[in-house]
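Under the numbering used here, the first residue of the sequence shown carries the number 4, and numbering increases by one thereafter. Every residue, glycine too, gets a C-beta built ideally from N, C-alpha and C. Notes for the one structure printed next.
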Amino acid sequence: MKIIVGLGNPEEKYLKTFHNMGYIAVGDAAAELGVKFKKKECESFTAEANVGGEKVILARPVTYMNNSGRAVKQLLAKYKADVSDLIIIYDDYDIPKGSIRIRPSGSAGTHNGMRSVISEIGSSDFVRIRVGIRDSAVNIPIINYVLSEVKKEDYELFICACKKAARAALTLAEGATVENVMTVYNG
4 MKIIVGLGNP EEKYLKTFHN MGYIAVGDAA AELGVKFKKK ECESFTAEAN VGGEKVILAR
64 PVTYMNNSGR AVKQLLAKYK ADVSDLIIIY DDYDIPKGSI RIRPSGSAGT HNGMRSVISE
124 IGSSDFVRIR VGIRDSAVNI PIINYVLSEV KKEDYELFIC ACKKAARAAL TLAEGATVEN
184 VMTVYNG
């Protein structure tokens, strides 16, 4: 079993913001698997699929970014899953825009949503797929930047990055090792 969670904010006004890269990517994964987010459970909208004979739960928490850990904790409990079954996709200001980075574990860095997840589940030993959003030409406070809409000229770059993040998550769900996925997708 794998639980793939895309972090973001649930309201329509946040749809095209930098902070919703996780939502977009998990939506791309659902589209690739041909499933829709029909169910509301564990403070999330979820979709279920079968990948290589394994159950995969895709989730978009509705707790807002800073409380994402509540939903993740509930999902792990409901599906009796271990943190090793968890894959989190989210935006990362510390990585250049349009790139993705995969790590098998680590700290929350500057990301409040990840701080919430780590705090709630009591572990940082889960795979994370980070979609880079930093634009060195922009000089505004991080909170204002992450909640701003992606510029039209950058939209295609982020769509491609989210699709890569989705494919990386599904490759992990198919049974590939984190090391192999990192080799293919990091950069």
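Can you give the beta carbon distance from residue i to residue j, rounded, assuming they're within the 8 Å contact cut?
i    : j    : result
I60  : I136 : So it is not a contact: roughly 26 Å between Cβ atoms.
L10  : G25  : 4 Å
R133 : I103 : 7 Å
So, is residue i buried or exposed, given that buried needs 16 or more other C-beta atoms within 10 angstroms?
i    : result
L79  : buried
V141 : exposed
N53  : exposed
V187 : exposed
I91  : buried
K39  : exposed
Nearest-angstrom Cα distance between residue i and residue j?
i   : j    : result
K83 : Y96  : 32 Å
E57 : N70  : 28 Å
Y17 : G109 : 27 Å
C45 : M117 : 17 Å
DSSP three-state call for residue i: helix, strand or coil?
i    : result
N142 : coil
A84  : coil
Grab me the residues of residue i's own chain with a C-beta within less than 6 Å of its C-beta, minus the 5 sequence neighbours each way, in chain order.
i    : result
F129 : V86, L89
L160 : G101
At the 8 Å Cβ level, is residue i part of the contact set with chain C, yes or no?
i   : result
E46 : Considering every chain present, this structure includes no chain C. It has just one protein chain.
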